[in-house]
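Engineer: Per full-length UniProt numbering, numbering of the sequence shown is gapless, rising by one per residue and ending at 240.
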Amino acid sequence: PGTRRRRSPRSGPGRAVAPLAAAPPARAGDEPLLRGIFEIGKRSCDVVLSARRLRWSPILPESPTGGTGQEEIIEMKDVFSVKLKRRRFAGQQKGGTLLGITIFKCLNKEENKLTDCAIHLNNLSEDHCQSWFRHLKEILNVTEYEGHALSVLKECELQAFDGVVCVGGDGSVSEVAHGLLLRAQIDAGKDTEYVSKPVRAPVPLGVIPAGENERYCYIVSHLVLVPLACFTVLATKGRS
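(1) Considering only DSSP beta bridges, list what residue 56 is partnered with.
(2) Would you identify the three-state DSSP class for residue 176, choosing helix, strand or coil?
(3) Can you name the residues that DSSP bridges to residue 97?
(4) Do the segment 50-60 and the segment 86-99 make contact, defined as three or more Cβ pairs closer than 8 Å?
(5) Helix, strand or coil: how does DSSP classify residue 81 here?
(6) Cβ atoms of residue 40 and residue 121: under 8 Å apart, would you say?
(7) Going by C-alpha distance, which of 100, 106 and 48 is nearest residue 125?
(8) Take residue 81 as the anchor and find which of 152, 172 and 119 has the nearest alpha-carbon.
(9) Alpha carbon to alpha carbon, how far is residue 31 from residue 47?
(10) Tell me, please, which residues DSSP counts as bridged to residue 209.
(11) Give the straight-line distance between the Cα atoms of residue 42 and residue 102, rounded to the nearest whole angstrom.
(12) Based on DSSP bridge pairs, tell me the residues matched to residue 35.
(13) Is the beta carbon of residue 202 sitting closer than 8 Å to the one on residue 184?
(14) With a cut-off of 8 Å on the beta carbons, I'd call residue 106 and residue 78 a contact; round off their distance for me.
(15) For the segment 145-158 and the segment 174-193, state whether three or more C-beta atom pairs, one from each stretch, are separated by less than 8 Å.
(16) Which two residues bound the contiguous alpha helix (DSSP H) that contains residue 154?
(17) Could you tell me the distance, in whole angstroms, from the CA atom of residue 189 to the CA atom of residue 207?
(18) Just the C-alpha distance for residue 50 and residue 33, rounded to the nearest angstrom, thanks.
(19) Classify residue 22: buried if its beta carbon has 16 or more other beta carbons within 10 angstroms, exposed otherwise.
(20) Using the C-alpha atoms, what's the distance from residue 200 back to residue 156?
(21) Over the uninterrupted alpha helix (DSSP H) stretch that includes residue 137, give me the two end residues.
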């Protein structure tokens, strides 16, 4: 009797007040770059793109038992190509009705074997898809000008990659090979002005000829689709 229990001035009767904790900082590269709505697998999804990953979740379940609505994620390091998806008439080479964006991703089928997977982000808005397509290309480092590949490879950490695939003519191949070797010399602490015995690049280089006079390479390989050719190079990267 005569003893009064002390309560927090902001808490109600019998209610404990949890201490406030600061939210953990976002990892570098996880900050959202774009957010939008696409149809994926016949379901409307909320899609978020960051430099590291693409994630999506259904906006509303189609039925109480139509699925868990769990978020799905793909790592951008596993994506090797992206294109605008269009419907074209027979014989039509350009233009066509925009259907959305297709992202091509590598999957581990079994030990030492890869397979590819296409993810379709369907949206009929030209402006919406062009904005997403532009950001995806920037993440994938599609070269846009002379010297772009050299500047990208000079700055990147090659140990984070299993290989480099170059799609282009002899000028592009020369630029990429130069960038790989230059980066290897920088990592080895060598003088890049004159290297009598250069060290070997730590990752393999795959070449998909796409110049104007590459007919012979087509006859040999029969590969005309860039995503398929990229997958073939990745799947055989262990061969000398």
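Beta carbons: idealized from backbone N, C-alpha and C, even for Gly. Quantities reported herein were computed from a predicted structural model and do not represent experimental measurements.
Structural biologist: For this structure:
(1) Position 56 of the sequence shown, counted from the start, is the residue given in the question as residue 56. Residue 56 pairs with 47 and 72.
(2) As a working note, residue 176 is residue 176 in the sequence shown. Looking at residue 176 - three-state DSSP - the assignment turns out to be helix.
(3) Taking the sequence shown and counting its residues from 1, one reaches residue 97 at position 97. Answer by DSSP bridge pairing, in chain order: 87.
(4) no
(5) What you label residue 81 is simply residue 81 of the sequence shown in a count that begins at 1. Three-state DSSP puts residue 81 in a strand.
(6) On the sequence shown, residue 121 is found 121 positions in, with the first residue counted as 1. On the sequence shown, residue 40 is found 40 positions in, with the first residue counted as 1. Yes. Within cutoff.
(7) Locating residue 125 in the sequence shown gives position 125, where the first residue counts as 1. For residue 125, the nearest C-alpha among the options comes from 100.
(8) Residue mapping note: residue 81 aligns to position 81 of the sequence shown, counting from 1. Per the Cα distances, 119.
(9) Residue 31 sits at position 31 when you count from the first residue of the sequence shown. Residue 47 sits at position 47 when you count from the first residue of the sequence shown. Looking at the two C-alpha atoms, the distance is approximately 13 Å.
(10) Here residue 209 is taken as the residue at index 209 of the sequence shown, counted from 1. Its beta-bridge partners are 168.
(11) Your numbering for residue 42 matches position 42 in the sequence shown. Your numbering for residue 102 matches position 102 in the sequence shown. Taking the straight line from one Cα to the other gives about 14 Å.
(12) For the purposes of this step, residue 35 is taken as residue 35 along the sequence shown, with counting starting at 1. Looking at the DSSP assignment, residue 35 forms a beta bridge with 48.
(13) Position 202 of the sequence shown, counting from 1, holds the residue named residue 202. Position 184 of the sequence shown, counting from 1, holds the residue named residue 184. Contact flag set, yes.
(14) Position 106 of the sequence shown, counted from the first residue, corresponds to residue 106. Position 78 of the sequence shown, counted from the first residue, corresponds to residue 78. Sure, about 5 Å apart at Cβ, within 8 Å.
(15) Yes, the segment 145-158 touches the segment 174-193.
(16) Within the sequence shown, the letter at position 154 stands for residue 154. 148-155 is the span of the alpha helix (DSSP H), which, as asked, contains residue 154.
(17) Within the sequence shown, residue 189 is the residue found at index 189, counting from 1. Within the sequence shown, residue 207 is the residue found at index 207, counting from 1. If I take the Cα positions, the gap works out to 27 Å.
(18) In the sequence shown, residue 50 corresponds to position 50, counting from 1. In the sequence shown, residue 33 corresponds to position 33, counting from 1. Those two C-alpha atoms are separated by around 5 Å.
(19) Translated into positions along the sequence shown, residue 22 becomes position 22. In this prediction, residue 22 has a pLDDT of 44, which is less than 50 and means its spatial position is unreliable; nothing more can be read from the coordinates.
(20) Stepping through the sequence shown from its first residue, residue 156 is reached at position 156. Stepping through the sequence shown from its first residue, residue 200 is reached at position 200. Each residue's alpha carbon lies about 16 Å from the other.
(21) Counting from 1 along the sequence shown, the entry for residue 137 is found at position 137. 126-140 is the extent of the alpha helix (DSSP H) around residue 137.
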